[in-house]
Amino acid sequence: MKNFLRGLRFAWPYRGRLIVSIICAVLAAALWGLNFTCIYPTLKLLHAETSLLAEVDILIAGIQRDIDKVEVGLEGLQVKARELDRMVSNRYSEQMRRDATRDLVKQEGRLENLRRSLYHHRLVRKFVQDWLPLDPFHTLGVVLGFVLIAVVLKCCFEFCQDWLVGSVINLGLFDLRNEFFRKVLRQDADQFADRGSADLMSRFTTDMEALGLGTKTLFGRVVAEPLKAVACVVLACMISWQLTLLFLIMVPIAGYLLGRIGRTMKQATRKMLERVSNIYRILQEVLGGIKVVKAYTTEPRERMRFREATRDYYNRAMRVVKIDSLTGPAIEILGVAAIVLALMAGSYLVLRKQTSFMGLKFSEQPLEAEALLQLYVLLAAIADPVRKLSSVFTKIQAGGAAADRIFECLDREPRIVGNSDGPRLARSEDGQLEAPPVRGILHPPLIEFRDVCFSYDPGRPILSHMSFKVHRGETIAIVGGNGSGKSTLLSLLPRFRDPDHGSVMILGHDLRSVNLRSLRHNLGLVSQDIVLFDDTIHGNIAYGARGATREQVEQAEQFRPSHHL
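So for the sequence shown, numbering that gives the first Met the number 0 puts the first residue at 0; every next one is plus one.
What follows is the structure, given as structure tokens:
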């Protein structure tokens, strides 16, 4: 995931928006959890024959009775502890003192919990008395109105978070695309030939979108969904942290499962993206050479080739779909199993009026049925974000695979390195090419090839010990059969390639020492291939000289048979 993290750096300049989006996610998660707290009072109101205030008073009275009982028991333990302190010290009395101290600490802890609960219930009573009506139906209306307002606010915060995250992702992709394009333009002509423009197009489009989706998922759901789960975990712990912990036993298992699936997903996605490049390559070849395809009636063969490529892509894509589809059900099964485990323990405590299950203490007093139902809803609410995170993990892995392909190109260095500090070529007022003088050479030839050797493959030379000079005013034609090295020889002049041996000189300077940009700016190129840009005729003719006037363009155009256009 190293390259995926490198992709995240393009979002760093817009971290202010990310911080605001995280704040919105926190507020949305808090409102998400608070909505579920309304289940308990709603159930109480539906089953109660008295007002909510009376129900709260009953709960407070019950807690007060428990406090009185614990205080009486605590006084007895304190008396017993003082009596034990006066006993003669021996092994038996020491054991009794330790037992008494343990019971005393336990009862003091229980008393502290009951007093804290009493304090919270009194706060609830004050709120109910000051803000809620006495009639149960009217109280229920207020509670449901609160739920509606909370949902509206939650949706507003979620909208703000999604919008802010989307803006950060698109701005980051904007910067990454421009950086990618800048690096691509620095690459050599041979590097384009090695990979092919179809492969680059695939990385520009499909891979960029996959990386953007993975980044959006990270800043969106990976932030929002865990916050929702945390809010529900906190509220569930307030009911019974023991039952909540029992539910969370499945979390390590789910984490291990997601890790295994994620690694498989990354490999499958990378292979799928490579198949997309194959489809782009076939499309480029066939559509670019459509006249040749039609002239030789090879449409059936090209259709078969394209069908095989798309079939291969289909197989790879279906593997990705299968892995992605497997994740959700697997996590959901684990979540339901955890809920069933916690619900069985909670149901035992409610139905049997117990505080312990299988020898483990789960609460200070028996759970109410309404509290158990609210706990069940909160646990289900925890499982929902976790289930959504399962698909999130696979999308991030897919984004990681796309990032690997993107940064593979970004890290590729050109073999032809320009010398920015080298001597610059320029044009005199009469249009003559000029360069800084070379010591010891008064009138160097305009161009000189000195013992130039070049080969594409080792042991198979294309040019072997080529030497010649071109002086000012001369016109030279390079003539030879197909594959004899004419285009290769001329490609050395603008430094599309460098010779393996020897050197190419211009006005006494080795081309490798000359400022590359000034060299190419002073050369003209008429390609063997037809190259037209999405521009006007004027723009295409003046492509290498954007400041050319209309008269200059028309003068240059006289050399071609399209002047009437």
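By construction, the Cβ of each residue, glycine as well, lies at the ideal position given by its N, Cα and C atoms. Source: prediction; values computed, not measured.
Residue i: first and last residue of the uninterrupted beta strand (DSSP E) it sits in
i, result
"P460", "459-469"
"I446", "446-456"
Delimiting residues of the alpha helix (DSSP H) encompassing residue i
i, result
"R115", "90-130"
"F305", "298-350"
"N177", "135-185"
"Y375", "368-409"
"F3", "1-7"
"G417", "Run containing G417: none; DSSP gives neither H nor E here."
"T487", "485-490"
"N539", "536-540"
"T205", "Element bounds for T205: n/a, residue is neither H nor E."
Beta-carbon gap between residue i and residue j smaller than 7 Å
i, j, result
"V319", "T268", "yes"
"M571", "L333", "Examination of residue 571 is not possible in this model, given that the chain is present from 0 through 564 alone."
"V285", "V291", "no"
"T214", "D323", "no"
"I570", "A308", "No statement about residue 570 is possible, as the shown extent of the chain runs from 0 to 564 and does not include it."
"L143", "L103", "no"
"A10", "E157", "no"
"R494", "I446", "no"
"A24", "A223", "yes"
"L73", "Q106", "yes"
"A29", "A230", "yes"
"H120", "L58", "yes"
"I281", "F305", "yes"
"F467", "V503", "no"
"P443", "G507", "yes"
"R484", "L462", "A small fix is needed here, since residue 484 is Gly in this sequence, not Arg. Cβ distance < 7 Å, so G484 and L462 count as in contact."
"V123", "L51", "no"
"R590", "L83", "There is no way to answer for residue 590, as the model of the chain reaches only from 0 to 564."
"V146", "C37", "yes"
"A368", "V385", "no"
"R109", "V69", "yes"
"G398", "A209", "yes"
Secondary structure of residue i, DSSP reduced to three states
i, result
"M200", "helix"
"G501", "strand"
"V478", "coil"
"F356", "strand"
"H442", "coil"
"A294", "helix"
"A188", "helix"
"R423", "coil"
"D528", "coil"
"T548", "coil"
"L510", "helix"
"E433", "strand"
"L522", "coil"
"Q554", "helix"
"R568", "Any property of residue 568 remains undetermined from this structure, which presents the chain solely from 0 to 564."
"G211", "helix"
"M86", "coil"
"G75", "helix"
"E224", "helix"
"H562", "Here H562 scores only 49 on pLDDT, less than 50, and its place in the model should not be relied on; the value that follows carries that caveat. If DSSP states are grouped into helix, strand and coil, H562 belongs with coil."
Contact test: residue i Cβ vs the ligand COA heavy atom, cutoff 6 Å
i, result
"R386", "Ligands are entirely absent from the displayed structure, and the ligand COA is therefore not among its contents."
Only counting runs of 4 or more residues, tell me where the alpha helix (DSSP H) segments fall wholly within the segment 11-72, in order along the chain. List check, alpha helix (DSSP H) in window: 14-36, 38-46.
Using 8 Å as the cut-off, can you tell me whether the segment 396-406 makes contact with the segment 242-256, which would need three or more C-beta pairs spanning the two stretches below that distance? No contact exists between the segment 396-406 and the segment 242-256.
Scan the segment 246-287 and note each continuous alpha helix (DSSP H) run of 4 residues or more that stays entirely inside, going in chain order. 250-287
Segment contact flag, the segment 371-383 with the segment 179-192, C-beta cutoff 8 Å, min 3 pairs: No: the two stretches stay apart, fewer than three of their Cβ pairs being nearer than 8 Å.
The segment 381-396 in contact with the segment 198-207 per 3-pair CB rule at 8 Å: no
Report yes or no: do the segment 508-524 and the segment 419-433 share at least 3 C-beta pairs separated by less than 8 Å? yes
Specify whether the segment 6-24 and the segment 160-177 touch according to this definition: at least 3 beta carbon pairs, one from each stretch, less than 8 Å apart. yes
Is the segment 450-461 touching the segment 544-552 in the sense that three or more CB pairs, one from each, lie closer than 8 Å? no
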